[in-house]
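Residue numbers (my numbering): 20 to 166.
Beta carbons are placed, not taken as given, at the ideal position from N, Cα and C, and that holds for glycine.
Down below is the structure, laid out as structure tokens.
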């Protein structure tokens with residue numbers, strides 16, 4: 020069995036555990052979903068700059084939030100990342116039952132341009148950016164939310 024096939028198998032099980040039993044780690048789930056959807060390779064767990072490497076996007080940092088748990092519009096923080104830390108940000112917003120509500124890719128330079136003073140980027144700003152690309156359906160296919 021190829022490594023990507025194993026990741027897909029694990030990510031589907033993680034999704035079921037999160038949705039059905041509220042057991043698991045949403046950040047790891049998001050990283051594995053994106054990895055499988057972009058046909059990438061997971062970085063080592065302790066990599067401080069990026070989570071995935073892939074041919075289509077280079078080095079990718081994955082950020083995720085559960086919709087409604089952040090009172091300031093589903094923000095993610097990019098302040099600690101230098102402009103060369105990775106190539107693309109992927110932001111995933113989950114519903115409260117861990118189904119994918121939204122997911123985009125955005126070049127790091129654009130994420131940096133959207134940062135507020137504290138380093139936060141709001142989902143509404145990121146998802147409406149002209150360079151944002153929606154990958155929601157790709158993640159839903161991997162997770163089997165849609166077939």
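With DSSP as the reference, please indicate the residues paired to residue i in a beta bridge.
{"i": "residue 61", "result": "71"}
{"i": "residue 96", "result": "139"}
{"i": "residue 113", "result": "85 and 119"}
{"i": "residue 159", "result": "Partner(s): none; residue 159 has no beta bridge."}
{"i": "residue 78", "result": "72"}
{"i": "residue 53", "result": "Residue 53 pairs with nothing; no bridge assigned."}
{"i": "residue 250", "result": "One cannot answer for residue 250 here, as it falls past the ends of the chain, which runs 20 to 166."}
{"i": "residue 153", "result": "123"}
Which value, in whole angstroms, describes the spacing of the CA atoms of residue i and residue j?
{"i": "residue 110", "j": "residue 98", "result": "15 Å"}
{"i": "residue 114", "j": "residue 57", "result": "21 Å"}
{"i": "residue 21", "j": "residue 38", "result": "26 Å"}
{"i": "residue 77", "j": "residue 106", "result": "6 Å"}
{"i": "residue 93", "j": "residue 142", "result": "6 Å"}
{"i": "residue 52", "j": "residue 87", "result": "21 Å"}
{"i": "residue 119", "j": "residue 80", "result": "17 Å"}
{"i": "residue 66", "j": "residue 47", "result": "13 Å"}
{"i": "residue 140", "j": "residue 24", "result": "33 Å"}
{"i": "residue 84", "j": "residue 144", "result": "15 Å"}
{"i": "residue 130", "j": "residue 104", "result": "12 Å"}
{"i": "residue 178", "j": "residue 45", "result": "A query on residue 178 cannot be resolved here, the shown segment of the chain reaching from 20 to 166 and no further."}
Rounded to the nearest angstrom, how far is the Cβ of residue i from that of residue j, given a contact under 8 Å?
{"i": "residue 100", "j": "residue 61", "result": "18 Å between Cβ atoms; not a contact."}
{"i": "residue 26", "j": "residue 55", "result": "5 Å"}
{"i": "residue 59", "j": "residue 42", "result": "Not confirmed; about 25 Å, so no contact."}
{"i": "residue 162", "j": "residue 30", "result": "7 Å"}
{"i": "residue 154", "j": "residue 122", "result": "5 Å"}
Taking only runs that begin and end inside the segment 121-150, name each unbroken beta strand (DSSP E) of 3 or more residues, in chain order. Within the segment 121-150, the complete beta strand (DSSP E) segments of 3 residues or longer fall at 139-141, listed in chain order.
Quick check on the DSSP output: what are the complete alpha helix (DSSP H) runs of length 4 or more inside the segment 21-50, in order along the chain? Listed in chain order, the alpha helix (DSSP H) elements of length 4 or more contained wholly in the segment 21-50 are 22-40.
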